[in-house]
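Some notes on the structure that comes next.
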Amino acid sequence: MMKFSKTLLVVLGVVISLAFAGVMIYVVIQVNQLHAVAIANRSAGFMNPRNWMLIGAGLGFLGGFMLGLGLALPSQTFKARYAELRRAEEIVAAKQTGLDRASAADVAATATDEHVADPRRESEAQ
């Protein structure tokens, strides 16, 4: 689930950042037209690009935030990383005591850490 959330945030961040780039290009064109009208001293009915600038700034902030959050999220949950660390520690401990590779894998597979065990499973068994 974490990997899906991470990927989703990265994809949405990239899409919103591309929308930000498009809106800002549109705003630059609108501002250039507004300057041309002001220099020519005409009173044509041009839209004020200020609203689009605010929308573009909001999209840029949101896209950057989602992209940064997606890149910073871990791909595994804390419980999965903790269990993997405990298995690696047990294998190292088994190797230090002189057990061979197969025995170390058996020790790691059969050992249960109290901090990783799910309390719901224990209560369902009773």
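Each residue of the sequence shown is one higher than the last, beginning at 1163 in this note's numbering.
No residue lacks a Cβ here, since even glycine has one placed at the ideal position from N, Cα and C.
From a predicted model like this one, the values you see are computed outputs, not experimental measurements.
Exclusion of the five residues before and after residue 1178 leaves 1221, 1224, 1225 and 1228 as the residues of its chain whose Cβ lies within less than 7 Å of its Cβ.
Secondary structure at residue 1204: coil, using DSSP grouped into helix, strand and coil. Under the criterion of beta carbons closer than 8 Å, residue 1185 and residue 1217 qualify as touching, at roughly 6 Å. Going by beta carbons, residue 1244 and residue 1214 fall outside the 8 Å limit. Note that the segment 1167 to 1178 touches the segment 1231 to 1248; at least 3 beta-carbon pairs, one per stretch, sit closer than 8 Å. For residue 1215, the enclosing alpha helix (DSSP H) stretches over residues 1212 to 1234. In this structure, the straight-line span from the alpha carbon of residue 1246 to that of residue 1252 is close to 10 Å. Taking the Cβ atoms as the reference, residue 1260 lies roughly 50 Å from residue 1175, outside the contact range of under 8 Å. Here the C-alpha atom of residue 1195 lies approximately 23 Å from the C-alpha atom of residue 1180.
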